[in-house]
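Undergrad:
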Ligand SMILES: [Zn+2]
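Numbering (my numbering), first residue to last: 862 to 1185.
#1: Can you give the Cα-Cα distance for residue 1181 and residue 893, rounded to whole angstroms?
#2: With a threshold of 16 other CB atoms inside 10 Å of the CB of residue 935, please say whether the residue is buried or exposed.
#3: Should residue 1111 be labelled buried (16 or more other beta-carbon atoms within 10 Å of its own) or exposed?
#4: With H, G and I counted as helix, E and B as strand and the rest as coil, what does DSSP make of residue 952?
#5: Are residue 1076 and residue 1048 close, meaning C-beta to C-beta below 8 Å?
#6: Let me know the secondary structure DSSP gives residue 1126 once reduced to three states.
#7: Taking only the alpha-carbon atoms, compute the straight-line gap between residue 1142 and residue 1085 and give it to the nearest angstrom.
#8: Quick one, which of 1152, 1170, 1185 has its alpha-carbon nearest residue 939's?
#9: Quick check on residue 1017: buried or exposed, where buried means 16 or more other Cβ atoms within 10 Å of its Cβ?
#10: For the segment 953–963 against the segment 918–928, are there 3 or more C-beta pairs whose distance is under 8 Å?
#11: Identify, in the order they occur along the chain, each residue of the same chain with its Cβ nearer than 7 Å to the Cβ of residue 885, setting aside the five sequence neighbours on each side.
#12: Near residue 997, which residues of its chain fall below 6 Å by C-beta distance, leaving aside the five closest residues on each side in sequence?
#13: Please report the straight-line C-alpha distance between residue 1072 and residue 1038, rounded to a whole angstrom.
#14: Tell me whether residue 974 sits in a helix, a strand or coil according to DSSP, three-state version.
#15: Following a CB-centred definition, is residue 1032 positioned closer than 7 Å to any heavy atom of ligand 1?
#16: Are there 16 or more other CB atoms within 10 angstroms of the CB of residue 1010, so buried, or fewer, so exposed?
#17: Quick one: residues in its chain with C-beta nearer than 7 Å to the C-beta of residue 1025, no 5 flanking neighbours on either side, listed in chain order?
#18: So what's residue 1154 in DSSP terms, helix, strand or just coil?
#19: Quick check: the segment 1134–1150 against the segment 1166–1181, are there 3 or more CB pairs under 8 Å?
#20: If we ignore side chains and look at the alpha-carbon of each, how far apart do residue 1040 and residue 1078 end up?
#21: Based on the DSSP secondary-structure assignment, which residues constitute the bridge partners of residue 891?
#22: Based on DSSP bridge pairs, tell me the residues matched to residue 968.
#23: Using the rule of at least 16 other Cβ atoms within 10 Å of the residue's Cβ for burial, across every protein chain shown, is residue 882 buried or exposed?
#24: For a test of your reading of the model: does the CB of residue 968 fall under 7 Å from any non-hydrogen atom of ligand 1? Yes or no.
#25: For ligand 1, any of its heavy atoms closer than 7 Å to the Cβ of residue 1133?
#26: Are residue 1082 and residue 901 closer than 8 Å when you measure CB to CB?
#27: Mapping the DSSP letters down to three states, classify residue 993 as helix, strand or coil.
#28: For residue 977, count neighbouring Cβ atoms within 10 angstroms of its own Cβ and tell me buried if that reaches 16, exposed if not.
#29: Look at the alpha carbon of residue 887 and the alpha carbon of residue 914, and state the distance between them as a whole number of angstroms.
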């Protein structure tokens, strides 16, 4: 979890120690969410080389990214400070300014989709009354969070309804606009995001459940092994080669990046496969917020190599802007 205060870390550490000393380890922790899950009814498995064969051809999808909020969270969570590049740059633990983005893309036949959910309107009014709730709002360093465009406002100015939400992963800062998304909108997410018990799940599971309350089941992408061995899995989402889901496990089990083909070139939404500009430019994977740092490093490498082979790709990182 991002921006977690020392007090909350201590509570989590105590919970972990107690569970561990009970001889039950973390098997009695909680899952990231108890929200129901079904297989996605979208997505055709393709080879990474198929994606690369099409990626530089202009496509019909248009994209909009807005800044939902400014925030500050722990640098050591965003960037692996043990990485030699981070040490060489003299990076130290501290607060890092970040943003929460709300991305949307419009497909000419399939409609308007969100990539992650931005922030709920109520969070900008009174965090204690939002789905985040007062205790977690404090733990998340929410007093430094400044809402700039809430999701209700964004949806309100669209000319058509939302056809679906493509989540990069289930961390709170990527689903905390969900309460503003109409309940009938399908939510798509990578495989295994709700799997695995941990002490963290005891704290964050109820929050995730609150954010998703009233929504239909999470629809999990069904990735298969990439025959070209470029990625952990690739889906042609609509079967027309315009919108792609790419498995990038590591930050979380089911972390997923999305690539869309627009009239002016491809756009890649990395999610938190890379949070920061430093991480992208110095090839340093996310830090302590990660589920599996070595896998996160491998997934970041695969995305960076994709962009090196196709430098026209417009890369939109998890929490900082490469274009400024
Ligand atoms: Zn994030």
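Every residue gets a Cβ at the ideal spot worked out from N, C-alpha and C, and that includes glycine.
Bear in mind the structure is a predicted one, so any value in this text is a computation, not a measurement.
TA: The structure says:
#1: In the chain shown, residue 1181 corresponds to position 320, counting from 1. In the chain shown, residue 893 corresponds to position 32, counting from 1. Roughly 25 Å separates the two Cα atoms.
#2: Residue numbering aside, residue 935 sits at position 74 when the chain shown is read from its first letter. So residue 935 ends up on the buried side.
#3: Looking up residue 1111 in the chain shown gives position 250. By the 10 Å Cβ count, residue 1111 comes out buried.
#4: In the chain shown, counting from the first residue as 1, residue 952 sits at position 91. Coil at residue 952, not helix or strand.
#5: For the purposes of this step, residue 1076 is taken as the residue at position 215 of the chain shown. For the purposes of this step, residue 1048 is taken as the residue at position 187 of the chain shown. Pairing residue 1076 with residue 1048 gives a Cβ-Cβ distance under 8 Å.
#6: As a first step, residue 1126 is located in the chain shown; it is residue number 265 there, counting from the start. Three-state DSSP puts residue 1126 in a strand.
#7: Looking up residue 1142 in the chain shown gives position 281. Looking up residue 1085 in the chain shown gives position 224. Those two C-alpha atoms are separated by around 29 Å.
#8: Your numbering for residue 939 matches position 78 in the chain shown. Considering only alpha carbons, the answer is 1152.
#9: Along the chain shown, one-based indexing puts residue 1017 at 156. Residue 1017 should be labelled exposed.
#10: Result yes; three or more Cβ-Cβ pairs closer than 8 Å.
#11: Here the question's residue 885 lines up with position 24 in the chain shown. A caution first: residue 885 carries a pLDDT of 43, below 50, which makes its placement in the model too unreliable to give a value.
#12: As a first step, residue 997 must be located in the chain shown, where it is residue number 136. So the list reads 1068, once near-sequence residues are dropped.
#13: On the chain shown, residue 1072 is found 211 positions in, with the first residue counted as 1. On the chain shown, residue 1038 is found 177 positions in, with the first residue counted as 1. Computed Cα separation, rounded: 8 Å.
#14: Translated into the one-based positions of the chain shown, residue 974 becomes position 113. Residue 974: strand per DSSP, three-state reduction.
#15: Counting from 1 along the chain shown, the entry for residue 1032 is found at position 171. Taking non-hydrogen atoms of ligand 1 into account, the C-beta of residue 1032 is found less than 7 Å away from one of them.
#16: The residue labelled residue 1010 in the question sits at position 149 within the chain shown. Looking at its Cβ environment, which holds 16 or more other Cβ atoms inside 10 Å, residue 1010 is buried.
#17: Within the chain shown, residue 1025 is the residue found at index 164, counting from 1. So the qualifying residues of the chain are 974, 1046, 1047, 1049.
#18: Walking along the chain shown from the start, residue 1154 turns up at place 293. Residue 1154 falls in the helix class under three-state DSSP.
#19: yes
#20: Along the chain shown, read from residue 1 onward, the residue named residue 1040 stands at position 179. Along the chain shown, read from residue 1 onward, the residue named residue 1078 stands at position 217. Distance between the alpha carbons of residue 1040 and residue 1078 is about 15 Å.
#21: Residue 891 sits at position 30 when you count from the first residue of the chain shown. BP columns for residue 891 point to 1059.
#22: For the purposes of this step, residue 968 is taken as the residue at position 107 of the chain shown. 972.
#23: Within the chain shown, the letter at position 21 stands for residue 882. Unreliable positioning characterises residue 882 in this predicted model, as indicated by a pLDDT of 41, which lies under 50. The coordinate reading is nonetheless provided below. Exposed, since its Cβ has fewer than 16 Cβ neighbours within 10 Å.
#24: Residue numbering aside, residue 968 sits at position 107 when the chain shown is read from its first letter. Answer for residue 968: no, Cβ out of range of ligand 1.
#25: Position 272 of the chain shown, counting from 1, holds the residue named residue 1133. Within the cutoff, so yes.
#26: Mapped onto the chain shown, residue 1082 falls at position 221. Mapped onto the chain shown, residue 901 falls at position 40. The answer is yes: Cβ separation under 8 Å.
#27: Against the chain shown, residue 993 aligns to sequence position 132. Reduced to three states, the DSSP call for residue 993 is coil.
#28: As a working mapping, residue 977 is identified with position 116 in the chain shown. Answer is buried; the Cβ neighbour count reaches 16.
#29: The sequence position of residue 887 within the chain shown is 26, counting from 1. The sequence position of residue 914 within the chain shown is 53, counting from 1. Note on residue 887: pLDDT 47, under 50, position unreliable in the model; the coordinate value appears next. So the alpha carbons of these two residues sit roughly 44 Å apart.
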